[in-house]
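In this note's numbering, the protein residues as written are 371 to 554. One structure is given here, and the rest of the page talks about it.
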Amino acid sequence: MTKDVEFGIKEQLITKEEIQKRLRELGEQITEDFKNENEPLIVVGLLRGSIVFMADLIREIRLPLEIDFIEASSYGEGTQTSREVKILKDLRSTISGKNVLVVEDIIDSGFTLKKILQLLGSRNPKKVSLCTLLDKPERREVEIDVQYIGFEIPNEFVVGYGLDFDEIYRNLEYVGIAEPSVFE
Ligand code: 5GP
Ligand code: MG
Ligand code: MG
Numbered sequence: 371m372t373k374d375v376e377f378g379i380k381e382q383l384i385t386k387e388e389i390q391k392r393l394r395e396l397g398e399q400i401t402e403d404f405k406n407e408n409e410p411l412i413v414v415g416l417l418r419g420s421i422v423f424m425a426d427l428i429r430e431i432r433l434p435l436e437i438d439f440i441e442a443s444s445y446g447e448g449t450q451t452s453r454e455v456k457i458l459k460d461l462r463s464t465i466s467g468k469n470v471l472v473v474e475d476i477i478d479s480g481f482t483l484k485k486i487l488q489l490l491g492s493r494n495p496k497k498v499s500l501c502t503l504l505d506k507p508e509r510r511e512v513e514i515d516v517q518y519i520g521f522e523i524p525n526e527f528v529v530g531y532g533l534d535f536d537e538i539y540r541n542l543e544y545v546g547i548a549e550p551s552v553f554e
């Protein structure tokens, strides 16, 4: 395991190379699944955690596609979950009759995504699919159907590759676990 002392990272959980390899596989799978559709796929990233993953993933999808974003908040500044999910920024696209692929950084309890899926579902899309870079299945509290999962991870708070702690660490090229001192 590589240390990244400068950034206060204890351990690299998923390396840059592992992410790249997995993204190629996910891109191929998504391309295969949507290649016979007539309309462009709308890829919806959940701000802000998904942007690094989404930027790399869309370049592995060999299909015409559009991108859009939703921002919701369910977490405050720390690592504690709160039950409320607020939509801070909504889509610009009309998704009625379209295929939508929601891209998320990590699914933890599942509350955030459940709320967003309800919202998107109410707009009569043809189909809504989900792709998450990371999944913490141990933490799930609401049932969610996820079609594309990058990696299942244990119940640890991770940062990097889009994921933050107090808005820092999103620019790491890997997914890592921060030193305990970071959280003090
Ligand atoms: P959920 O509603 O599934 O509990 O929360 C999902 C959101 O919480 C994620 O999109 C992410 O922003 C945040 N989150 C959950 N687990 C982690 C984690 O281990 N690290 C970071 N940085 N954010 C997390
Ligand atoms: Mg998120
Ligand atoms: Mg966050």
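Glycine included, each C-beta is placed from N, C-alpha and C at the ideal position. Computed from a predicted model, the values in this text were never measured in an experiment.
If you draw a straight line from the Cα of Y518 to the Cα of L427, it is about 12 angstroms long.
Contact check between the region 489 to 499 and the region 385 to 394: fewer than three CB pairs, one atom from each, fall below 8 angstroms, which does not count as touching. Here K506 is buried: its Cβ has 16 or more other Cβ atoms, across all protein chains shown, within 10 Å. Closest option to L435, judged by alpha-carbon separation, among D460, V455, I457 and G397: G397.
DSSP places G415 inside the beta strand (DSSP E), whose first and last residues are L411 to L417.
Straight across, the Cα-Cα distance linking I465 with I412 is about 8 angstroms. According to the DSSP assignment, F481 belongs to the alpha helix (DSSP H) that extends over F481 to G491. When DSSP reads this structure, K459 sits in a beta bridge with E441. Bridge partners of S420 according to DSSP: none are assigned. In this structure, T482 has its CB closer than 8 angstroms to one or more heavy atoms of ligand 2. If you ignore the 5 residues before and after V422, its C-beta comes within less than 6 angstroms of the C-beta of Y531 and G532, all in its own chain and listed in chain order. Looking at the backbone, the Cα of K459 and that of K380 are separated by about 34 angstroms.
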